[in-house]
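Since the structure comes first, as structure tokens, the remarks are kept for the end.
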Amino acid sequence: MFGIAYRMLGSVAEAEDILQEVWLRWQKTDRTVVLDPSAFLARTTTHLAINQAQSARVRRETYVGPWLPEPVDTSTDPAVGAERGEAVELAVLLLLEKLNPTERAAYVLREAFDYPYDEIADILRTSAVNTRQIVSRARKRLSAERREPVDTTEHRRLLEVFLAAARAGDVAALEDLFAADVVSYTDGNGIKGASKFPVAGHTRVAKFIVAFGPRFWPGAHVEWVEVNGRPGVLISREGTDVALLSIDARPEGIQTLLWVMNPSKLEAFARTREGSTRS
């Protein structure tokens, strides 16, 4: 249930709110008329998440700067990491924002949880044929914007090389590391030091990273963490988390830099690192 809601919304807090509402509805339901409790819970979770996703889009219009999904530590949260990994990666969740809520629900249920088409159709109150078409369109749209990612070992190596080059202020090394169309997103919701606009292009991104380096890296502590199924780094200063960095990479190099600096999202990530009692 949490896995469905989180992939639908890209928010730990909103997904947890959905679970609370599902639990309340389950408590008020006459269990004798529920033939399949799992299907009932999945259907309720999905419908609530679709409604929440529609209102979330309106709220995000007032967000300052790029909005990124809330990261989770999947090493301690089996409710998120146990299913198909790719559908929980931050870069994929960001792409899922381009789908409408119904398309996203169909894609998540099929690709992340391997629900049969007829069950998804029942949940979405449509036909199995239409469900197949919805999932197919979503797949094509996402695959057109994301090539095959590198494996975990190469992902970590690229991130290690990036950190070394960024801390050294080596523009040339960064340019060599990036794909030509690399984009850097910083989610800070207006906090000081967070870029309010995406930065694109390997030369521009390299110069951007080097420009803020002297203010960012001195005194910073870097800790390796697992972010949505992939290696990432948590950056802190004097015991306070200031940024969480994840990348999306392909054979040509780093395609996307994802900097989460919004304090509320860093706090949410810290809560997921403490472990979870979700089931």
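End of the sequence shown = 279 in the UniProt record's numbering, gap-free, step of one.
Beta carbons are placed, not taken as given, at the ideal position from N, Cα and C, and that holds for glycine.
Note that the structure is a prediction, hence the values are computed from the model and not measured.
Cβ neighbour criterion (16 or more within 10 Å) applied to residue i
i: residue 174; result: buried
i: residue 172; result: exposed
i: residue 181; result: exposed
i: residue 162; result: buried
i: residue 55; result: exposed
Neighbourhood of residue i by C-beta distance below 7 Å, restricted to the same chain and skipping five residues each side
i: residue 63; result: 189
i: residue 94; result: 68, 69
Neighbourhood of residue i by C-beta, 6 Å cutoff - its chain only, sequence neighbours within 5 removed
i: residue 199; result: 184, 205, 208
i: residue 243; result: 235, 259, 261
i: residue 252; result: 179
Alpha-carbon to alpha-carbon, residue j and residue i
i: residue 276; j: residue 19; result: Interpretation of residue 276 is limited by its pLDDT of 46, a score under 50 that renders its predicted location unreliable; the figure taken from the coordinates is listed afterwards. Cα-Cα distance, rounded: 14 Å.
i: residue 274; j: residue 129; result: 43 Å
i: residue 100; j: residue 107; result: 11 Å
i: residue 152; j: residue 70; result: 21 Å
i: residue 39; j: residue 51; result: 18 Å
i: residue 245; j: residue 157; result: 14 Å
i: residue 7; j: residue 145; result: 18 Å
i: residue 201; j: residue 31; result: 56 Å
i: residue 87; j: residue 119; result: 19 Å
i: residue 42; j: residue 105; result: 11 Å
i: residue 164; j: residue 249; result: 17 Å
i: residue 109; j: residue 125; result: 14 Å
i: residue 238; j: residue 226; result: 22 Å
i: residue 254; j: residue 247; result: 7 Å
i: residue 132; j: residue 53; result: 22 Å
i: residue 215; j: residue 90; result: 26 Å
i: residue 217; j: residue 49; result: 39 Å
Cut-off 8 Å between Cβ atoms - residues of its own chain near residue i, not counting five sequence neighbours on either side
i: residue 213; result: 166, 167, 169
i: residue 154; result: 249
Assigned secondary structure, residue i (DSSP; H/G/I helix, E/B strand, else coil)
i: residue 184; result: strand
i: residue 248; result: strand
i: residue 200; result: strand
i: residue 236; result: strand
i: residue 23; result: helix
i: residue 274; result: coil
i: residue 253; result: strand
i: residue 222; result: strand
i: residue 263; result: helix
i: residue 112; result: helix
Residue i CB to nearest heavy atom of the ligand PLP below 7 Å
i: residue 110; result: In the structure on display, the ligand PLP does not appear, and there are no ligands present to speak of.
Any C-beta of chain B under 8 Å from that of residue i
i: residue 139; result: Any reference to chain B falls outside this structure, which holds one protein chain only.
Completely contained alpha helix (DSSP H) runs for the segment 27-70, where each covers 4 or more residues: Runs found: 37-59.
Contained alpha helix (DSSP H) runs [length at least 4] in the segment 124-165, N- to C-terminal order: Correct list: 128-145.
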